[in-house]
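Colleague:
There are 2 protein chains.
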Amino acid sequence: MPENSAPLPPVADLLGLLAYAELVAFDQMAADARLAPDLSRRAALSEMAAREIDAYCRLAERLRELGVEAEEAMRPYVGALRDYHDQTEPKDWLEALAKAYVGDGVADDFYREIAAFLEPKDRDLVLDVLHDSRHADFAAEELRAAIAADPKVANRLSMWARRLVGEALSQAQRVAAERTALAELIASGGGDVSDVQGLFKRLTTAHTARMAAVGLNN
Amino acid sequence: MPENSAPLPPVADLLGLLAYAELVAFDQMAADARLAPDLSRRAALSEMAAREIDAYCRLAERLRELGVEAEEAMRPYVGALRDYHDQTEPKDWLEALAKAYVGDGVADDFYREIAAFLEPKDRDLVLDVLHDSRHADFAAEELRAAIAADPKVANRLSMWARRLVGEALSQAQRVAAERTALAELIASGGGDVSDVQGLFKRLTTAHTARMAAVGLNN
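Quick mapping for you: the protein sequence lines, in order, are chains A and B.
Just so it is clear: in the first sequence, position 204 is 204 by UniProt numbering, and no numbers are missing.
Just so it is clear: in the second sequence, position 60 is 60 by UniProt numbering, and no numbers are missing.
Next up, the structure:
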């Protein structure tokens, strides 16, 4: 079955994307936890990974309510998300944290924007399952401490962050080309398609501020 | 610091072993989830992995109540559990399930026996965080179906299970030689040390029954 064959209701399309993103984030964080320099940091990241699965379960449950199997709703996104993660495998603990901080930051901002077009029930669910700030705070603190201890780290991680964003944009374009339901969702929800530029600008501004907050440069 | 330098209260010694076992089981199940043949099985195993972290958090919390850092209590077991998992890396989905089914089965039986020597509060905690039967049932069902579809699979997995048990016993002996606190726990709790043979017999009987239940032979 080709990846984009199943026509889903627009909201299921978004929930499927989010559900698969949670499943993959779980997987990635669980693997990253192995890179932790000690047991308490490893436990901290493992705990955060477990929260992704809780979020996954809630999204899968909502999809079932909508009469859609989670597997069916997630399938269109498998290729793009797998390729993103394959292309951006962290080599060490700091790269793993920078990826979580930068990548999840942009993704969460994006989902938050899209959630505004949903019915209240689904909007609240999406806003609720997005990463709590605990994860970003933990990553930011580790990154700041590492850069303070060795300022050269900032250059290496800034380059890494630019690669992450480039790879994410490339996969996002692929998804946008293959899936029109998300675009429909924005249109049907009263979203102004001409505001895509505005959306892009807001995401970029927030990303730049996030980078600066830990001492990385764009 | 040598692995066995810190003298801990006996109960912290057991809780530390269990906590680290949960952290490692999380890690292993999260990695095994990648071997799943489809997204729904992958999600099922990821969910089970997340439950291990919930258990870890409860054990770490109890250790803190006892005035012991989880990291300190876990440290003595890092070498043995890491070596066990390094020596028994599953090559495919069925090996991963057989490892979870056989290995967690024996380990849970062992913890359940030791829990009998604890004060009620800790005993209830340990019994509560042991794997619920959902995980074993899932693994058993998958193994039975695979053996029904191809009886030759039973031979390969039976050999694999024997290797798992051999490797686990070898690491258990290592832990027993390095850590006397668990032995003290049994003695102080009124446990009859001469019953170690009885314990061993009960574990072996339960293991044999578990193997037979899915069509594997000892």
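C-beta: ideal position from N, C-alpha, C; glycine also.
Remember, it's a predicted structure, so these values are computed and weren't measured experimentally.
Which whole-angstrom value describes the C-beta separation of Tyr56 of chain A and Val175 of chain A, a residue pair presumed to lie in contact below a C-beta threshold of 8 Å?
Modeller: Tyr56 of chain A to Val175 of chain A, Cβ: 19 Å. No contact.
Colleague: By Cβ distance, which residues of its chain are closer than 6 Å to Ile147 of chain A, with the 5 residues on each side in sequence left out?
Modeller: Val153, Ala154 and Gly215
Colleague: Excluding five sequence neighbours on each side, which residues of the same chain lie with their C-beta closer than 8 Å to the C-beta of Gln171 of chain B?
Modeller: Ala80, Leu81, Asp83 and Tyr84
Colleague: Of all Cβ atoms in chain B, is any one closer than 8 Å to the Cβ of Glu47 of chain A?
Modeller: yes
Colleague: When the distance is taken between beta carbons, is Glu71 of chain B closer than 8 Å to Leu15 of chain A?
Modeller: No. Outside cutoff.
Colleague: Please list the partners that Tyr56 of chain A has in chain B, where partner means a Cβ-to-Cβ separation under 8 Å.
Modeller: Ala43, Ser46 and Glu47, listed in chain order.
Colleague: Can you pull the chain A residues whose beta carbon is under 9 Å from the beta carbon of Glu71 of chain B, in chain order?
Modeller: Asp38, Leu39, Ser40 and Ala43
Colleague: Taking the C-alpha atoms as reference points, what is the distance between Arg142 of chain A and Ala161 of chain A?
Modeller: Per the sequence shown, the amino acid found at residue 142 of chain A is Glu instead of Arg. Cα atoms of Glu142 of chain A and Ala161 of chain A: separation of roughly 15 Å, rounded to the nearest angstrom.
Colleague: Using a beta-carbon distance below 8 Å, is Arg82 of chain A in contact with chain B?
Modeller: no
Colleague: Does the CB of Arg34 of chain B have a neighbour CB from chain A at under 8 Å?
Modeller: It does; some Cβ of chain A falls within 8 Å.
Colleague: For the alpha helix (DSSP H) containing Pro120 of chain B, name the first residue and the last one.
Modeller: Pro120 to Val129
Colleague: Mind checking whether Leu125 of chain A and Arg64 of chain A have CB atoms under 8 Å apart?
Modeller: no
Colleague: For the alpha helix (DSSP H) holding Val24 of chain B, just list the boundary residues, first then last.
Modeller: Boundaries of the alpha helix (DSSP H) harbouring Val24 of chain B: Pro10 to Ala33, taken from the DSSP string.
Colleague: Is the Cβ of Asp13 of chain B closer than 8 Å to any Cβ of chain A?
Modeller: Interface criterion not met: the Cβ of Asp13 of chain B is under 8 Å from no Cβ in chain A.
Colleague: Does Phe26 of chain A come within less than 8 Å of chain B when only Cβ atoms are used?
Modeller: Yes - at least one Cβ of chain B is within 8 Å of the one on Phe26 of chain A.
Colleague: Let me know if Gly67 of chain B comes out buried or exposed under the rule of 16 or more other beta-carbons within 10 Å of its beta-carbon.
Modeller: exposed
Colleague: In terms of residues, what are the limits of the alpha helix (DSSP H) holding Asn155 of chain A?
Modeller: Lys152 to Glu178
Colleague: Tell me which residue opens and which closes the alpha helix (DSSP H) that Phe110 of chain A is part of.
Modeller: Trp93 to Ala115
Colleague: If the criterion is Cβ atoms closer than 8 Å, does the pair Leu130 of chain A and Asp108 of chain A meet it?
Modeller: yes
Colleague: How is Pro76 of chain B classed by DSSP in three states: helix, strand or coil?
Modeller: helix
Colleague: For Glu22 of chain A and Glu52 of chain A, which I take to be in contact (beta-carbon distance under 8 Å), what is that distance rounded to the nearest angstrom?
Modeller: Confirmed, about 5 Å.
Colleague: Given a cut-off of 8 Å on the beta-carbon distance, is the pair Val24 of chain A and Val106 of chain A in contact?
Modeller: no
Colleague: Inspect the beta-carbon positions of Gly87 of chain B and Glu167 of chain B and report whether they are closer than 8 Å.
Modeller: In the sequence as displayed, the identity of residue 87 of chain B is Gln instead of Gly. In contact: Gln87 of chain B and Glu167 of chain B (Cβ atoms closer than 8 Å).
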